[in-house]
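Novice: When you line the sequence shown up against numbering that gives the first Met the number 0, it's residues 0 to 560, in that order.
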Amino acid sequence: MTTKLRKFFKIPASAKKKTLYLITATGITGLTFESVAAASSTNPNFAPLSNDIGEKVRFGFDGIFRSSRAIYTISSNVVDYKYSLRGLELDSNEFYTKLSEVHLRSAKRLLKLCETNKGFYVKAGQFVAAMRQVPTEYSSTLASLQDKAVPYHFKAVKEVLVRNLGQDLSDLFLSFDEKPIAAASIAQVHRAMLKDHQEVAIKVQYPGLEKQMKIDITTMAFLSNATAWIFPEYRFEWMVSEFERSISRELDFIQEAKNSERTAKNFRKNNIVRVPRVNWELTTNQVLTMQFCSGHKIDDVGYLKEAGINPTKVAKALMEVFAEMVFVHGFVHGDPHPGNILVAPEGRNGFSLVLLDHGIYKELDEGFRLDYCQMWNALILLDSKKIQFLGERFGVGKYSRYFPVIFTGRTIDSKSALGRGMSDEEKKNLKLEVKSLKMEDFSAFMESLPSDFLTILRTDGLLKSITSKLGAPQQVRLLAYAKYSIYGLSAKSNAESDSTVGHVLYRFKTAVTYVRFRLFLESVELFSEMKDLQQFVAKKLKQMLFAAVHLLIIPFSLIRS
Numbered sequence: 000m001t002t003k004l005r006k007f008f009k010i011p012a013s014a015k016k017k018t019l020y021l022i023t024a025t026g027i028t029g030l031t032f033e034s035v036a037a038a039s040s041t042n043p044n045f046a047p048l049s050n051d052i053g054e055k056v057r058f059g060f061d062g063i064f065r066s067s068r069a070i071y072t073i074s075s076n077v078v079d080y081k082y083s084l085r086g087l088e089l090d091s092n093e094f095y096t097k098l099s100e101v102h103l104r105s106a107k108r109l110l111k112l113c114e115t116n117k118g119f120y121v122k123a124g125q126f127v128a129a130m131r132q133v134p135t136e137y138s139s140t141l142a143s144l145q146d147k148a149v150p151y152h153f154k155a156v157k158e159v160l161v162r163n164l165g166q167d168l169s170d171l172f173l174s175f176d177e178k179p180i181a182a183a184s185i186a187q188v189h190r191a192m193l194k195d196h197q198e199v200a201i202k203v204q205y206p207g208l209e210k211q212m213k214i215d216i217t218t219m220a221f222l223s224n225a226t227a228w229i230f231p232e233y234r235f236e237w238m239v240s241e242f243e244r245s246i247s248r249e250l251d252f253i254q255e256a257k258n259s260e261r262t263a264k265n266f267r268k269n270n271i272v273r274v275p276r277v278n279w280e281l282t283t284n285q286v287l288t289m290q291f292c293s294g295h296k297i298d299d300v301g302y303l304k305e306a307g308i309n310p311t312k313v314a315k316a317l318m319e320v321f322a323e324m325v326f327v328h329g330f331v332h333g334d335p336h337p338g339n340i341l342v343a344p345e346g347r348n349g350f351s352l353v354l355l356d357h358g359i360y361k362e363l364d365e366g367f368r369l370d371y372c373q374m375w376n377a378l379i380l381l382d383s384k385k386i387q388f389l390g391e392r393f394g395v396g397k398y399s400r401y402f403p404v405i406f407t408g409r410t411i412d413s414k415s416a417l418g419r420g421m422s423d424e425e426k427k428n429l430k431l432e433v434k435s436l437k438m439e440d441f442s443a444f445m446e447s448l449p450s451d452f453l454t455i456l457r458t459d460g461l462l463k464s465i466t467s468k469l470g471a472p473q474q475v476r477l478l479a480y481a482k483y484s485i486y487g488l489s490a491k492s493n494a495e496s497d498s499t500v501g502h503v504l505y506r507f508k509t510a511v512t513y514v515r516f517r518l519f520l521e522s523v524e525l526f527s528e529m530k531d532l533q534q535f536v537a538k539k540l541k542q543m544l545f546a547a548v549h550l551l552i553i554p555f556s557l558i559r560s
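(1) Just curious, the alpha helix (DSSP H) that residue 161 is in, first and last residue?
(2) Between which two residues does the beta strand (DSSP E) holding residue 190 run?
(3) Can you name the residues that DSSP bridges to residue 289?
(4) For residue 422, does the three-state DSSP call read helix, strand or coil?
(5) Enumerated in chain order, which unbroken segments of the alpha helix (DSSP H) with a length of 4 residues or greater are wholly contained in the region 366-414?
(6) With which residues is residue 362 paired in a DSSP beta bridge?
(7) DSSP beta-bridge partners for residue 354?
(8) Only counting the same chain, and skipping five residues up and downstream in sequence, which positions put a Cβ closer than 7 Å to that of residue 336?
(9) Among residues of its own chain, excluding the 5 on either side of residue 314, which ones have a beta-carbon nearer than 6 Å to its beta-carbon?
(10) Would a C-beta distance cut-off of 8 Å place residue 102 and residue 151 closer than the cut-off?
(11) Would a C-beta distance cut-off of 8 Å place residue 97 and residue 75 closer than the cut-off?
(12) Just how far apart, CA to CA, sit residue 387 and residue 279?
(13) Between which two residues does the alpha helix (DSSP H) holding residue 99 run?
(14) Expressed to the nearest angstrom, what Euclidean distance is found between the alpha-carbon atoms of residue 399 and residue 385?
(15) So for residue 172, helix, strand or coil by DSSP?
(16) Check this for me: beta carbons of residue 480 and residue 375, under 8 Å apart or not?
(17) Please name the residue, chosen from 333, 139, 87 and 407, that lies closest to residue 381 on a Cα-to-Cα basis.
(18) Can you give the Cα-Cα distance for residue 179 and residue 317, rounded to whole angstroms?
(19) Classify residue 195 as buried or exposed, calling it buried when 16 or more other Cβ atoms lie within 10 Å of its own Cβ.
(20) Would a C-beta distance cut-off of 8 Å place residue 79 and residue 99 closer than the cut-off?
(21) If you draw a straight line from the alpha carbon of residue 344 to that of residue 81, how long is it in whole angstroms?
(22) What does DSSP give as the partner residues of residue 182 in its beta bridges?
(23) Once you ignore the five residues that flank residue 356 on each side, which residues in its own chain have a CB closer than 7 Å to its CB?
(24) Can you give me the C-alpha to C-alpha distance between residue 391 and residue 354, rounded to a whole angstrom?
(25) Quick one: what's residue 239 bridged to in DSSP?
(26) Looking at residue 362 and residue 329, is the spacing between their C-beta atoms short of 8 Å?
(27) Is the distance from the Cβ of residue 112 to the Cβ of residue 68 below 8 Å?
(28) Label residue 285 either buried or exposed according to how many other C-beta atoms from any shown protein chain fall within 10 Å of its C-beta, with 16 as the threshold for buried.
(29) Taking only the alpha-carbon atoms, compute the straight-line gap between residue 458 and residue 464 and give it to the nearest angstrom.
(30) From residue 294 to residue 268, what distance separates their C-alpha atoms?
(31) Does the Cβ of residue 173 have 16 or more other Cβ atoms within 10 Å, making it buried, or fewer, making it exposed?
(32) If you draw a straight line from the C-alpha of residue 455 to the C-alpha of residue 92, how long is it?
(33) I need the straight-line Cα distance from residue 371 to residue 378, nearest angstrom please.
(34) According to DSSP, is residue 312 helix, strand or coil?
(35) Taking one C-beta from the region 159-171 and one from the region 207-221 each time, how about it: are there three or more such pairs within less than 8 Å?
(36) Could you pull the start and end residues of the alpha helix (DSSP H) that residue 124 belongs to?
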């Protein structure tokens, strides 16, 4: 195995040449255009350009600078991995220490790139941070991008508003707060009052984003292809493709408004969910006007405790809302970070969840939705044959054995109770198994996943992060998924039944199945606790026996002396 690993981390001469060409080209490109930019600003003989042409040239220069920085950063990371890990034994502590150091250095370079280039690079960094499959050094470092968006100057924002709404702001609003209440990588939100005294939140897209997106996505695709060209085992085209699909949908505010209304309709009978109403008269592709809803970020535990709201109950409500989206509706909010979910201190349950930012949604394929419901049933029962069968249907083959680890935190051969994690022996065996995997395996696994699955993974990762911050046990998430995976399987038969009797029978059968699942989970948990108690009692008995023997030995030793 050592020979194979050394071969894996050995850099071929052709790869060295390709890397050198890439970095050299990047350096020359950056220096050339920096020189041209400097000449345009300092040379008096440099011919002035018209506003329109000048704007295009400046936009072009900006795109080139951004691309050059990106190429240089990614090239530096690739070279760092190859040269820093070359010749190290994969099984050694030195390898893992060095690997963590390279992960952290590379993550910091990416963070600096995202902060400098802004816009879609910040969004891409957030996208990567939310992927649970990336190393912790990346997710923790890039997570800071969630709150790093710098708002645009109001003058630029006002131009977008007037151009899209066709009137001056004073003709449409009684008041308009020029200071944004929220800013993200592609838009910022302002608070305003309509002429009829309705309070609204107005989301305004930053100017020039569509052109910028084309340049940035092209650069990311080039970097992904270039990396795979130099080092074939490092393939990230799947991530670029998924990000492009995601960001393209997010730029269309008309579609976001439609997503919002569809979600509101799906949860119309749910008294804990609130979705801001859309004001269609003041909504365009670049401006979205909604009902203003107040609240606090869902992970603001200090506020929840101060307001007398139980964080675990909030976590349970959150998981049930998103479980219903995934398993029943098949229409999933793809960006549930804390800033997009507010907790308002009102409602029949003492609080309500306000769902914001409906730009990134995924409509799951019906076949995938049903298979995913089946998979969670199999994960709860740890039915390894069913998991592997569904893995073939998802197209991941042998990698399906890692589904239990990814979703429930236990191995496919685990004897641990659901939600209790892995035993020390299981952790040891998994570590040995993972050591045998190569970067090629990771690339092959991620490439084989359907697009629907990538959305699910990202969404689930964000939800796990929130429930963890709320201090909720893992069972909250697992029980919500178990419950709604059953509802999801029954939803089709319920939809086909028009009669009231059919609907009642559907609800009854679903409730019985869920109770069976719940009893199974509780019995497994009880058995596990009894086993823990048995081990505890056995340990105490051993200690007592040892103490008794020790007390008996002391008198005999005194007599002999």
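Glycine included, each C-beta is placed from N, C-alpha and C at the ideal position.
Specialist: Short version:
(1) In the sequence shown, residue 161 corresponds to position 162, counting from 1. That run of the alpha helix (DSSP H) goes 153-164.
(2) To locate residue 190, count along the sequence shown from 1; it is residue 191. Residues 186-193.
(3) Here residue 289 is taken as the residue at index 290 of the sequence shown, counted from 1. BP columns for residue 289 point to 200 and 277.
(4) Within the sequence shown, residue 422 is the residue found at index 423, counting from 1. Coil at residue 422, not helix or strand.
(5) 383-393 and 402-407
(6) Position 363 of the sequence shown, counted from the start, is the residue given in the question as residue 362. Answer is 330.
(7) Along the sequence shown, one-based indexing puts residue 354 at 355. Paired residues: 340.
(8) Here residue 336 corresponds to residue number 337 of the sequence shown, with the count starting at 1. Around residue 336: 145 and 461.
(9) Translated into positions along the sequence shown, residue 314 becomes position 315. Excluding positions up to five away in sequence, the list reads 466, 469, 471 and 475.
(10) Here residue 102 corresponds to residue number 103 of the sequence shown, with the count starting at 1. Here residue 151 corresponds to residue number 152 of the sequence shown, with the count starting at 1. Residue 102 is not a Cβ neighbour of residue 151, given a cutoff of 8 Å.
(11) Your numbering for residue 97 matches position 98 in the sequence shown. Your numbering for residue 75 matches position 76 in the sequence shown. The Cβ atoms of residue 97 and residue 75 do not sit closer than 8 Å to each other.
(12) Along the sequence shown, one-based indexing puts residue 387 at 388. Along the sequence shown, one-based indexing puts residue 279 at 280. If you take the alpha carbons of residue 387 and residue 279, they lie about 47 Å apart.
(13) Sequence index remark: in the sequence shown, residue 99 carries index 100 (1-based). Looking at the DSSP string, the run of the alpha helix (DSSP H) that includes residue 99 is 92-116.
(14) The residue you call residue 399 lines up with position 400 of the sequence shown. The residue you call residue 385 lines up with position 386 of the sequence shown. C-alpha separation (whole angstroms): 10 Å.
(15) Within the sequence shown, numbered from 1, the residue matching residue 172 stands at position 173. In the structure shown, residue 172 sits in a strand (DSSP, three-state: E or B).
(16) Looking up residue 480 in the sequence shown gives position 481. Looking up residue 375 in the sequence shown gives position 376. Yes, they are a contact pair.
(17) Residue numbering aside, residue 381 sits at position 382 when the sequence shown is read from its first letter. Between residue 381 and the set 333, 139, 87 and 407, the nearest pair of CA atoms involves 407.
(18) Here residue 179 is taken as the residue at index 180 of the sequence shown, counted from 1. Here residue 317 is taken as the residue at index 318 of the sequence shown, counted from 1. Approximately 27 Å, taken between the alpha carbons.
(19) Counted from its first residue, the sequence shown places residue 195 at position 196. Classification of residue 195: exposed, given that the 10 Å Cβ count is below 16.
(20) Position 80 of the sequence shown, counted from the start, is the residue given in the question as residue 79. Position 100 of the sequence shown, counted from the start, is the residue given in the question as residue 99. No; because the gap between Cβ atoms is not below 8 Å, this pair is not in contact.
(21) Residue 344 sits at position 345 when you count from the first residue of the sequence shown. Residue 81 sits at position 82 when you count from the first residue of the sequence shown. About 53 Å.
(22) The sequence position of residue 182 within the sequence shown is 183, counting from 1. Answer by DSSP bridge pairing, in chain order: 187.
(23) Residue mapping note: residue 356 aligns to position 357 of the sequence shown, counting from 1. Scanning its chain for C-beta atoms nearer than 7 Å, with the 5 sequence neighbours on each side dropped, one finds around residue 356 the residues 334 and 339, in chain order.
(24) The residue labelled residue 391 in the question sits at position 392 within the sequence shown. The residue labelled residue 354 in the question sits at position 355 within the sequence shown. Using only the alpha carbons, I get a separation of about 35 Å.
(25) As a first step, residue 239 is located in the sequence shown; it is residue number 240 there, counting from the start. Partner residues in a beta bridge of residue 239, as assigned by DSSP, do not exist.
(26) Here residue 329 is taken as the residue at index 330 of the sequence shown, counted from 1. Here residue 362 is taken as the residue at index 363 of the sequence shown, counted from 1. Inclusion of residue 329 and residue 362 in the CB contact set at 8 Å is warranted, their separation being smaller than that value.
(27) Within the sequence shown, residue 112 is the residue found at index 113, counting from 1. Within the sequence shown, residue 68 is the residue found at index 69, counting from 1. In contact: residue 112 and residue 68 (Cβ atoms closer than 8 Å).
(28) Numbered from its first residue, the sequence shown carries residue 285 at position 286. Under this definition residue 285 is a buried residue.
(29) Within the sequence shown, the letter at position 459 stands for residue 458. Within the sequence shown, the letter at position 465 stands for residue 464. Each residue's alpha carbon lies about 10 Å from the other.
(30) Indexing the sequence shown from 1 puts residue 294 at position 295. Indexing the sequence shown from 1 puts residue 268 at position 269. Looking at the two C-alpha atoms, the distance is approximately 21 Å.
(31) Translated into the one-based positions of the sequence shown, residue 173 becomes position 174. When all chains shown are included, residue 173 counts as exposed.
(32) On the sequence shown, residue 455 is found 456 positions in, with the first residue counted as 1. On the sequence shown, residue 92 is found 93 positions in, with the first residue counted as 1. If I take the Cα positions, the gap works out to 34 Å.
(33) Working through the sequence shown from its first residue, we reach residue 371 at position 372. Working through the sequence shown from its first residue, we reach residue 378 at position 379. Using only the alpha carbons, I get a separation of about 10 Å.
(34) As a position in the sequence shown, residue 312 is number 313, starting the count at 1. Residue 312: helix per DSSP, three-state reduction.
(35) no
(36) Indexing the sequence shown from 1 puts residue 124 at position 125. In this chain, the alpha helix (DSSP H) harbouring residue 124 covers 119-128.
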